[in-house]
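Novice:
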Amino acid sequence: MGNRILIIDDEEMVRDSFLLAFEDTEYEADEAESGEKGVGLLRNAKYDLIFLDLKMPGMNGVETLIEIRKLDKEVPVYIVTAFHEEFLSKLNELEKHKISFELVRKPLGRKEILLITESVLSGPVTL
Amino acid sequence: MYKFKLYIVGQTPQSDNVIKEVTEFLQNSCKDEHVLEIVDILLNPSQALDDGVFVSPTLVRMEPQPERRVIGSFKASDKLSEMLFG
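In order, the protein sequence lines correspond to chains A and B. Going by this note's numbering, the letters in the first sequence line up with residues 2 to 128, in that order. Going by this note's numbering, the letters in the second sequence line up with residues 765 to 850, in that order.
#1: Should Asp65/A be flagged as near chain B, meaning a C-beta pair shorter than 9 Å?
#2: Identify every residue that forms a DSSP beta bridge with Leu53/A.
#3: Using only CA atoms, which one of Val834/B, Ser841/B, Cys794/B lies nearest to Met765/B?
#4: Within its chain, find whatever has a CB closer than 8 Å to the CB of Met57/A; leave out the 5 residues flanking it on each side and keep chain order.
#5: So which residues of chain B does Lys99/A contact, with C-beta pairs closer than 7 Å?
#6: Give the range of the alpha helix (DSSP H) segment to which Ala812/B is assigned.
#7: Comparing the C-beta of Phe838/B with each C-beta of chain C, is any distance below 9 Å?
#8: DSSP state of Met826/B, grouped into three classes?
#9: Quick test of your reading: Leu53/A and Val81/A, contact by CB under 8 Å. State the CB separation rounded to the nearest angstrom.
#10: For the pair the region 768 to 775 of chain B and the region 817 to 831 of chain B, tell me if three or more CB-CB distances fall below 8 Å.
#11: When the cut-off is 9 Å and only beta carbons count, does Pro828/B lie next to chain A?
#12: The beta strand (DSSP E) that contains Phe768/B, what's its start and end?
#13: Just how far apart, CA to CA, sit Gln829/B and Lys71/A?
#14: At a Cβ threshold of 9 Å, is Lys843/B touching chain A?
#15: Could you have a look at Thr65/A and say whether DSSP puts it in helix, strand or coil?
#16: Considering Glu119/A, what are the terminal residues of the alpha helix (DSSP H) in which it resides?
#17: With the cut-off set at 9 Å, would you say Arg111/A and Ala22/A are in Cβ contact?
#18: In or out: Gly836/B buried (at least 16 other Cβ within 10 Å) or exposed?
#19: In the DSSP output, what is Thr127/A paired with across the bridge?
In structure tokens:
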């Protein structure tokens, strides 16, 4: 079975771009349109990598990651956001609680999605 | 002299581990012949943007040219050595 990846983003277009990127690859991707649904999926399945939107209605990316870490302390989580102080300041709470995560800058193309995924699941990748 | 920049995110256990791995790897690979600058994207997002960094962690060999960029795991390995020094 291939590596399982979860995409949590309220924007359908963004989720579709990830799903399209993983089409015809060895990776199996699931999607969730909210933090609540993403955490729900994680309760019933093990994932190897999670891409998580920061700004979502309902449970935002920070709140979602806090819940994710209660269920899985190890899974690599890449928070997808603009590299802008206004957004990044929201992540201070995670840092305060020593909750690990990585960042990836929006917008992302297919090539970047696959490079990041390969680097996480198969070792270092040169750009 | 080798010059590297490591882009990490925040002071988390994961970032601490990445810094430790890179520091050890460079110390073993090029001993005192290197300089490592660490950029926290949370504190300095504009530098990451200016440098075209789109994901953490990213390790950039700035000097000697040509520049090399690696993302992913920085655990010491032949693959990582080849990417940065080969």
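Note that CB positions come from ideal geometry on N, CA and C, so glycine has one too.
Specialist: Reading off the structure:
#1: Residue identity check: residue 65/A is Thr in the sequence provided, not Asp. Not an interface residue.
#2: Answer is Ile9/A, Ile80/A, bridged to Leu53/A.
#3: Of the listed residues, the one whose Cα sits closest to Met765/B is Cys794/B.
#4: Closer than 8 Å at Cβ, skipping near neighbours: Ile9, Asp10, Asp11, Ser35, Gly36, Thr65.
#5: Thr776, Pro777
#6: Unbroken alpha helix (DSSP H) run through Ala812/B: 809 to 814.
#7: Judged by its chain identifiers, the structure shown contains no chain C, and its protein chains are A and B.
#8: Shown here, Met826/B sits in a strand according to DSSP, grouped into three states.
#9: The pair is a contact, with the Cβ atoms about 7 Å apart (cut-off 8 Å).
#10: yes
#11: no
#12: 766 to 772
#13: Straight-line Cα distance between these residues: approximately 44 Å.
#14: yes
#15: helix
#16: Boundaries of the alpha helix (DSSP H) around Glu119/A: 111 to 123.
#17: yes
#18: buried
#19: Val834/B
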